[in-house]
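Colleague: Could you have a look at this structure, given as structure tokens, before my questions?
And the structure:
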């Protein structure tokens, strides 16, 4: 049975962009030889065919694109004018150590104290594989549970899962739209308001954006093809841009994680509403060690980059400040540059 060919008109907007990019690269690599005037010119050369195909695709890529977060890639970031402003680097170890030690003390009288977080992570590391989504979620949950014990009263943190984000325009100059689901939304509000959110979860819009702060996190989904954590950035950036626009905020913070590996992200929307810039942290990965007397995994307070208390500390600092412009803090300093998307 012969397979059906797809017409150009049947390609999605993103597929058209990808095809156009590849054809342009091919066209630029073609070497055109000069033909003597006495030789009859061919009716339709290869370059002529390429130019015709490129012109056809260019005429079609101007049509609006409707994209789900999960379908995003670097091409989408270029189309929506979302560019990297720079990188966030952890402070030197001596400076970081003091901040981590201080964060471990916070909420020591609560159920989700630092010691209980260590015990829970050690249990998960000894009992579950990190190769599937369910196990990753249990680890991510642990860090959010810990963060709820670290944000001081009268503020209270409510964590919501699988929030549906309705259609929004990432660029005001284009009719393109994006939508999808955000894995984690940590909402911070006065305790009275926050308790109402448990009964009736808030909608992410400008009205609620005036009475709460929201921090977002995305889980890097497992794939049959090995993808580095940073490879999931396009999807996450579209999620954060959409959330910021719905809430009417210029600045927003979040994280991309597997539960073990973490990137912390800051997104700043352009003042004219026609794109965004972002900062992404260096990779942070917490570690365990094997017990000397058994095969159990242990989590210890090392007060360095491998200490889970570092991640919990960053979360507890960033969640209440998610809508504030980031200019560096006790965890990170900014390094402009990094290039591209």
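Numbering (UniProt numbering), first residue to last: 1 to 341. Ideal Cβ placement from N, Cα and C applies to all residues, glycine included. Please read these numbers as outputs of a predicted model, since none were measured by experiment.
1) Between the stretch 298-318 and the stretch 98-111, do three or more beta carbon pairs fall short of 8 Å?
2) Could you say which of 220, 114, 266 and 300 lies nearest to residue 324 if we only look at CA atoms?
3) Is it the case that the Cβ atoms of residue 139 and residue 186 are separated by a distance below 7 Å?
4) Taking residue 101 as part of the beta strand (DSSP E), name the residues at either end of that continuous run.
5) Curious, which full-length alpha helix (DSSP H) runs of at least 4 residues does the stretch 225-265 contain?
6) At 3 residues or longer, and completely inside the stretch 275-304: list those beta strand (DSSP E) runs for me, N to C.
7) Using DSSP with H/G/I as helix, E/B as strand and the rest coil, what is residue 166?
8) Go ahead and pull the three-state DSSP assignment for residue 221.
9) Could you give the first and the last residue of the continuous alpha helix (DSSP H) run that contains residue 313?
10) Exposed or buried, which one is residue 336 when buried takes at least 16 other CB atoms within 10 Å?
11) Quickly, what does DSSP pair residue 22 with across the bridge? List them, please.
12) Let me confirm a value: residue 5 is counted as buried when at least 16 other C-beta atoms fall within 10 Å, else exposed. Which label applies?
13) If you draw a straight line from the C-alpha of residue 68 to the C-alpha of residue 79, how long is it?
14) For the alpha helix (DSSP H) holding residue 84, just list the boundary residues, first then last.
15) How should residue 249 be labelled, buried or exposed, when 16 other C-beta atoms within 10 angstroms of its C-beta is the threshold for buried?
16) How is the alpha helix (DSSP H) around residue 346 delimited, first residue to last?
17) Find the nearest neighbour of residue 270 within the set 209, 121, 173 and 88, judged by alpha-carbon distance.
Modeller: In this structure, then:
1) yes
2) 266
3) no
4) No beta strand (DSSP E) holds residue 101; the alpha helix (DSSP H) holding it covers 93-105.
5) 233-247
6) 276-281
7) strand
8) coil
9) 308-318
10) exposed
11) Residue 22 is not bridged to any residue.
12) Any answer about residue 5 is weak, because its pLDDT of 47 lies below 50 and its placement is not dependable; what the coordinates show is given next. The residue is exposed, with fewer than 16 neighbouring Cβ atoms inside 10 Å.
13) 14 Å
14) No alpha helix (DSSP H) holds residue 84; the beta strand (DSSP E) holding it covers 82-90.
15) buried
16) Missing from the structure shown is residue 346; the chain here goes from 1 to 341 and no further.
17) 173
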